[in-house]
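Working notes for the structure below.
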Amino acid sequence: VDLALWDLQGKREQKPVVALLGGTPGTKLPTYHTVWSTEDLATTGEHAGYKLHLGKIAAPEQRDLMVASIEQARSSIGASPLLMVDAWMKWDIESTISISQAIKPFQVEWIEEPLSPDDLAGYAILKEKTAVPIAGGEHEFTAEAFRPLIEQKLHAVLQPDVNWCGGLTELIRIYTMAKEAGLRVCPHRGCEIWALHAIAALDPQPLAETGRPWMTWVKGQPEIQQGMIEVSDRPGFGLLFDEHQLQLVN
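This is the structure:
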């Protein structure tokens, strides 16, 4: 509902949402692409960064395999692009500390959600002992839920999802709180149309996540060219519905 109201306001004023937020329509944002294996890196195209998904550590020797995968990823993409790691909430405190120390030479931008989102005590330990910044927050559902993360600075990078955190209004509140605390925000699924407008207007370090298919029932999706994605200059969020595809969905 919140996203729909922002879209409606933009259409009433004949302005894109990015302009309502004080940003510039047509802004181009750098992207990072999420992959599920190091082999996928060869086919993802050009991006400013890449995020590698890694799974559960069921045995100590798997730590070495994960470190090797991260080293291989850095070798594949070269020295310049950003490299992130997503642990999918499947590591523990000891493993996260150990792996972070081992991968520090590979210039990893962050380790994403190594622990369960509700393990605030665990994240308090990690922020003091890991050699790589910790990111998280996509599973928090309001700006108020972000308050302990921000006040205790449990994550170096906050990752609210505009669809899950309560819409654009809540996302703006999260950005405001994070700015006051000196924390970075990098929204989860940032290449979704409604997130792009917020990133372009509010983010001093803009970076938009790609890696999921576009909605088939929307026309005029933004294209990624040379690692950049352009924010729509059409009114509202710039959505154009494909009536034929909508009929197929129904």
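To get this note's numbering, take the position in the sequence shown, counting from 1, and add 1276.
Ideal placement from N, C-alpha and C gives every residue a C-beta, glycine not left out.
Closest by C-alpha distance to PRO1301, out of GLN1428, PRO1480, ALA1363 and ALA1474, is ALA1474. Scanning the stretch 1283 to 1322 from its first residue to its last, the whole beta strand (DSSP E) runs of 3-plus residues come out as 1304 to 1311.
With fewer than three CB-CB distances shorter than 8 Å, the stretch 1507 to 1514 does not count as touching the stretch 1344 to 1363. Here the alpha carbons of SER1356 and GLN1502 stand approximately 14 Å from one another. Apart from the 5 residues on each side of it in sequence, PRO1424 sits with its Cβ closer than 8 Å to the Cβ of LEU1396 and LEU1430 in its chain, given in chain order. Within the stretch 1492 to 1520, the complete beta strand (DSSP E) segments at least 3 residues long are 1504 to 1506, listed from N- to C-terminus. The residue from LEU1444, TRP1364 and SER1371 with its alpha-carbon nearest to that of GLY1412 is TRP1364.
If the five residues before and after ARG1460 are omitted, its C-beta is found closer than 8 Å to the C-beta atoms of ALA1432, VAL1433, LEU1434, ALA1454 and GLN1481, all from its own chain and listed in chain order. In this model, LEU1305 and GLN1338 are separated by some 36 Å (Cα to Cα).
A distance of 9 Å or more separates the beta carbons of TRP1312 and GLY1443.
In this structure, DSSP gives THR1445 a helical state, which the three-state scheme calls helix. Our two residues, GLU1416 and PRO1393, have alpha carbons roughly 8 Å apart in a direct line.
Bounds of any beta strand (DSSP E) do not take in MET1365, whose DSSP letter is neither H nor E. Burial check for LEU1284: the Cβ neighbour count within 10 Å stays below 16, so the residue is exposed. In the DSSP annotation of this structure, the continuous segment of the alpha helix (DSSP H) that includes TRP1470 starts and ends at 1469 to 1478. A Cβ-Cβ separation of about 7 Å places TRP1440 in contact with GLU1414 under the 8 Å criterion.
Of all alpha-carbon atoms in GLY1514, GLY1487, PHE1517 and LEU1516, the one lying nearest the alpha-carbon of HIS1323 is that of GLY1487. Linking LYS1495 to LEU1522 through their CA atoms gives a straight-line distance of about 11 Å. For ALA1411, the uninterrupted beta strand (DSSP E) segment begins and ends at 1410 to 1412. Listed in chain order, the non-local C-beta contacts of ASP1518 below 6 Å within the same chain comprise TRP1493 and LYS1495, local neighbours out to five positions each way being set aside.
Scanning TYR1308, THR1452 and HIS1329 for the CA closest to the CA of GLY1321 turns up TYR1308.
Taking all protein chains shown into account, GLU1289 has fewer than 16 neighbouring C-beta atoms within 10 Å of its C-beta and is therefore exposed.
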